Amino acid sequence: MIFKQHLINQMERAHADGTKFIADQIDAFPKSRPVILDLGCGVGWTFDKILNGYKKTKLYSGFTGCEKVLDYYGIDIEDQKDVPQKISYQKLNLENLIFPFEDKFFDIVFSNQVIEHISNKDIFIKESNRVLKDDGICITSTENISSFDNILSLMCGQEPLVQSTSQEFFTMSFLSPHFMKKNKGIF
């Protein structure tokens with residue numbers, strides 16, 4: 658039971674670490690009002706973390722939240738009734754579909770702990786790239802199937818931390834050709 662709780666804590670920490678990294682990248686982005694796409698936004702948990710830590714809000718007197726300095730879009734497969742109104746939300750299955758946005762529309766496209774749930778990663782990555790501006794950044798955070806905790810789980814007869822709906826696991830060597838082509842510096 659203690660080991661299972663440890664794995665749950667690790668999973669929560671991985672999501673929190675991914676969110677912090679994403680928030681830091683958004684905060685460091687040179688454009689004053691970036692247009693952001695959150696793929697797999699859920700109920701806006703990452704948006705809330707960004708809202709609470711977005712340093713650029715201090716640069717705009719009279720504004721009380723990042724909704725005034727960010728254009729934030731979110732897509733999720735679930736019908737999210739509790740998504741903050743500050744997010745331009747669309748319900749959409751990210752599998753095998755064209756994202757409903759113009760080419761080169763977003764400054765920042767990110768997914769946090771989502772790509773491992775996508776069966777057709779090629780379309781997901783191509784669409785992320787299509788809607789990303791040439792000088793934009795794409796951030797993809799995912800779980801590590803080969804982490805020490807997952808290996809230890811298997812050795813102890815437990816399921817690994819990653820409980821993915823994907824039929825395959827992948828490594829950086831799988832993702833590199835997609836990201837390195839245009840968006841250098843992601844890995």
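Under the working numbering, the first residue of the sequence shown is numbered 658, with each subsequent residue one higher.
Here a beta-carbon is modelled for each residue, glycine too, at the ideal position from N, C-alpha and C.
All of these numbers come straight from a predicted model, not from anything done at the bench.
Cα-Cα separation, Leu-716 to Pro-691: For this step, residue 716 is matched to residue 59 along the sequence shown. For this step, residue 691 is matched to residue 34 along the sequence shown. Annotation note: pLDDT 41 at Leu-716 (below 50); position unreliable, coordinate value reported separately. So the two alpha carbons sit approximately 14 Å from each other.
Strand pairing of Phe-758, partner residues [DSSP]: Counting from 1 along the sequence shown, the entry for residue 758 is found at position 101. Partner(s): none; Phe-758 has no beta bridge.
Per-residue DSSP class, three states only, for Lys-790: Locating residue 790 in the sequence shown gives position 133, where the first residue counts as 1. Lys-790 falls in the strand class under three-state DSSP.
Straight-line gap, Lys-738 to Gly-701 (C-alpha atoms, nearest Å): Walking along the sequence shown from the start, residue 738 turns up at place 81. Walking along the sequence shown from the start, residue 701 turns up at place 44. Those two C-alpha atoms are separated by around 11 Å.
Gly-731 - DSSP class collapsed to helix/strand/coil: By 1-based counting over the sequence shown, the position of residue 731 is 74. If DSSP states are grouped into helix, strand and coil, Gly-731 belongs with the strands.
Cβ shell of Cys-795 (< 6 Å), same chain only, five flanking positions each side left out: For the purposes of this step, residue 795 is taken as residue 138 along the sequence shown, with counting starting at 1. These residues qualify, in order along the chain: Val-766, Ser-785, Leu-789, Asn-840.
Asn-666 (DSSP reduced to helix, strand or coil): As a first step, residue 666 is located in the sequence shown; it is residue number 9 there, counting from the start. Helix at Asn-666.
Lys-693 and Tyr-746 closer than 8 Å at C-beta: Within the sequence shown, residue 693 is the residue found at index 36, counting from 1. Within the sequence shown, residue 746 is the residue found at index 89, counting from 1. Reading the sequence as shown, one finds Ile at residue 693 and not Lys. Not in contact: Ile-693 and Tyr-746 (Cβ atoms no closer than 8 Å).
Euclidean distance between Cα positions of Ser-812 and Thr-676: The residue given as residue 812 occupies position 155 in the sequence shown. The residue given as residue 676 occupies position 19 in the sequence shown. Before going on, a small fix: residue 812 reads as Met here, not Ser. The straight-line gap from Cα to Cα measures roughly 30 Å.
Which residues DSSP lists as bridging Val-771, in chain order: Looking up residue 771 in the sequence shown gives position 114. Val-771 pairs with nothing; no bridge assigned.
Residue-level contact to chain B via CB, Glu-752, 8 Å cutoff: Among the chains in the structure shown there is no chain B, since it carries only a single protein chain.
C-beta contact flag for Thr-703 and Asn-769 at 8 Å: Residue 703 sits at position 46 when you count from the first residue of the sequence shown. Residue 769 sits at position 112 when you count from the first residue of the sequence shown. Cβ atoms of Thr-703 and Asn-769: closer than 8 Å.
Within 8 Å, strictly: CB atoms of Leu-696 and Ile-732: For this step, residue 696 is matched to residue 39 along the sequence shown. For this step, residue 732 is matched to residue 75 along the sequence shown. Yes, Cβ-Cβ distance for Leu-696 and Ile-732 is below 8 Å.
Counterpart residues of Asp-684 in DSSP-defined beta bridges: Walking along the sequence shown from the start, residue 684 turns up at place 27. Its beta-bridge partners do not exist; DSSP assigns none.
As assigned by DSSP and simplified to three states, the class of Ile-765: In the sequence shown, the residue the question calls residue 765 occupies position 108. Strand, per DSSP.
Buried/exposed call for Leu-751, threshold 16 Cβ in 10 Å: Within the sequence shown, the letter at position 94 stands for residue 751. Counting Cβ neighbours within 10 Å, Leu-751 comes out buried, since at least 16 surround it.
Nearest to Lys-688 (by Cα), restricted to the options Ser-798, Gly-793, Gly-814: As a working note, residue 688 is residue 31 in the sequence shown. The shortest Cα separation from Lys-688 among Ser-798, Gly-793, Gly-814 belongs to Gly-793.
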